[in-house]
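Contents: one structure, followed by commentary.
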Amino acid sequence: MHKLIEPIQQSYQELFSGDVYLCGKAAVSVRNHSGIAKHTVIGVHGFLENHCYFTETYSQSDIELILLTCSNYHIPVTGPEHTHADWFDHPEYPESSIEYDASILVQAMERLASSKNVRIHGHSRGGGVILEAVRQKPELFKDAEILLEAPVLPQGKIHPIPKALIDNMSPRMWPWALRLLEKTPLSTYSQTFFGETHGRKKQLLEHLFKNPQNAMTIINNIHSIETWMDNAPTDIYQHIKRGTILIPERDRILCKEHMLASALKSPNNIRIVETKDTSHFISLDNSSWLPPLTIPLSLQ
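Numbering-wise (this note's numbering), the sequence shown opens with residue 81 and increments by one.
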């Protein structure tokens, strides 16, 4: 048990200009922007990732960028002091669960989003966090644009290759596996799971296994992802008025077939886009698949 909660040393941070709010075991970072923001983008990172997944995609200075650091993950910023959020209420859910992080997202949406035109962009596990937040407080998200990229979805499944690896590992093996992965070049396993890795994608994926604070976070994340996918109903989609689900051509992290089957149960106002020549990391492979930021006539 001691090895499972032994701290993992953080290895990746980026210079950040803005405010960082500590929210229980999670954090919310709000980047400085110029003038009155026309768009608010809230980014929710995926399993083993950090919020830097979104920073280059939404680099424009007039975007109000709000970034969630999920519970028991390292905050990937250097620069600002961390402030305890006086508006924060502790979630009534277990740490490192989709439900806990969804509660943080609900509070960030309520307290921090200043523009009427809000996009909430979740990658992988972040997609499940967003859908759970919508389930927890649907009226809050009725006017938001929901962008789900290679997402964890209701009735989805983990891809058979990582699923087999996970099922054959006991919890006590995780600390040793992480040490082994730290010493293994990314190129050894990246083609199997991540596709081509270069540039920004390589820069971020090289640090995946040092983003969680400890091995227990990884174990709890996996359990929560599988439990949530098994139990979440597809009627969550009914609460989304504007949305896009991006499904990669090749996904070796989540099962594409289950992802697509779930997405097809959504209403017609949610676009389903099957991307070409992309892996699980669509934004990092080719960000042109992301829909442009627009202001609906109803909000103009």
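By construction, the Cβ of each residue, glycine as well, lies at the ideal position given by its N, Cα and C atoms.
No experiment lies behind these values; they were computed from the predicted model shown.
The segment 115–128 makes no contact with the segment 306–320, as fewer than three CB pairs between them are under 8 angstroms.
Assigned with DSSP and collapsed to three states, residue 109 falls in strand. The C-alpha of residue 217 is placed about 16 angstroms away from the C-alpha of residue 192. Contact annotation: residue 363 and residue 133 have beta-carbon atoms nearer than 8 angstroms. Look at residue 332 here: in three-state DSSP terms it is coil, with no helix or strand label. When the alpha-carbon of residue 286 is set against those of 294, 101, 267 and 170, the nearest one is in 267. Listed in chain order, the non-local C-beta contacts of residue 237 below 8 angstroms within the same chain comprise 243, 309, 334, 335 and 338, local neighbours out to five positions each way being set aside.
Put simply, of 149, 103 and 137 the residue whose alpha carbon is nearest the alpha carbon of residue 168 is 103.
Your pair residue 99 and residue 163 checks out as a contact, with CB atoms roughly 7 angstroms apart and the cut at 8 angstroms. Within the DSSP bridge table, the entry for residue 86 names no partner.
The Cβ neighbour count for residue 120, taken over all protein chains shown within 10 Å, is at least 16; the residue is labelled buried.
Less than 8 angstroms divides the Cβ of residue 207 from the Cβ of residue 233.
Taking a C-beta distance under 8 angstroms as the contact criterion, residue 371 and residue 324 qualify as a contact pair.
Between the segment 138–146 and the segment 172–181 there are fewer than three inter-stretch CB-CB distances shorter than 8 angstroms, so the stretches are not counted as touching.
When the beta-carbon positions are compared, residue 354 and residue 327 come within less than 8 angstroms of each other. Per DSSP, the unbroken beta strand (DSSP E) holding residue 100 starts and ends at 98–103. By the CB criterion at 8 angstroms, residue 176 and residue 274 fall outside the cutoff. For residue 105, the CB contacts under 8 angstroms within the same chain, skipping 5 residues up- and downstream, are 151, 152, 175, 176 and 180 in chain order.
Beta-carbon to beta-carbon, residue 117 and residue 194 are separated by about 6 angstroms, close enough to satisfy the 8 angstroms threshold.
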